[in-house]
Amino acid sequence: MTKVLVKANVAYPGELLSVLEGFDRKPFGELSFAFDQDEDIHNHVYIIFNWLSLARAKEFWTSQAAKSHVEAWHSVSQPEFVYLRTIPGEAPA
0 MTKVLVKANV AYPGELLSVL EGFDRKPFGE LSFAFDQDED IHNHVYIIFN
50 WLSLARAKEF WTSQAAKSHV EAWHSVSQPE FVYLRTIPGE APA
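Going by numbering that gives the first Met the number 0, the first residue of the sequence shown is number 0, and it counts up by one from there.
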């Protein structure tokens, strides 16, 4: 599994959740997502997307469909994308 961490500075944080929920990314390999807002800078949001694989995540997020999806976020600046790979092993105690 791969996680995609996105940091975005958006004009309307309250509307972003509706945009995220309204676009079905599951056919592209998304499993789920979590949405959090910065406590101090309310226009900064963090989204963690869980994907089936790194290849499918990168394929989607570089596609025209993803570019259109991100435009609907009304970002003040270009969102930052970080691809995280889950390392197999035991969780720390």
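Virtual Cβ for every residue (Gly too), placed ideally from N, Cα, C.
Predicted model, so just to flag it, every value in this text is computed and none were measured.
Straight-line gap, V75 to K25 (C-alpha atoms, nearest Å): Stepping through the sequence shown from its first residue, residue 75 is reached at position 76. Stepping through the sequence shown from its first residue, residue 25 is reached at position 26. Roughly 26 Å between the two C-alpha positions.
CB contact below 8 Å: G28 versus chain D: The question asks about chain D, but that chain is absent: this structure has only one protein chain.
Backbone CA spacing between E20 and E14 [nearest angstrom]: Taking the sequence shown and counting its residues from 1, the one referred to as residue 20 is at position 21. Taking the sequence shown and counting its residues from 1, the one referred to as residue 14 is at position 15. So the alpha carbons of these two residues sit roughly 10 Å apart.
A54 versus R84, D37, A71, H68, residue with shortest Cα-Cα distance: Position 55 of the sequence shown, counting from 1, holds the residue named residue 54. Closest by alpha carbon: R84.
G27 (DSSP reduced to helix, strand or coil): As a first step, residue 27 must be located in the sequence shown, where it is residue number 28. Checking the sequence, you will find Phe at residue 27 rather than Gly. The answer is helix: DSSP assigns F27 an H, G or I state.
D80 in three-state terms, based on DSSP: Within the sequence shown, residue 80 is the residue found at index 81, counting from 1. At residue 80 the sequence reads Phe, which differs from the Asp that was named. If DSSP states are grouped into helix, strand and coil, F80 belongs with the strands.
Nearest-angstrom Cα separation, counted from I47 out to T1: In the sequence shown, residue 1 corresponds to position 2, counting from 1. In the sequence shown, residue 47 corresponds to position 48, counting from 1. About 10 Å.
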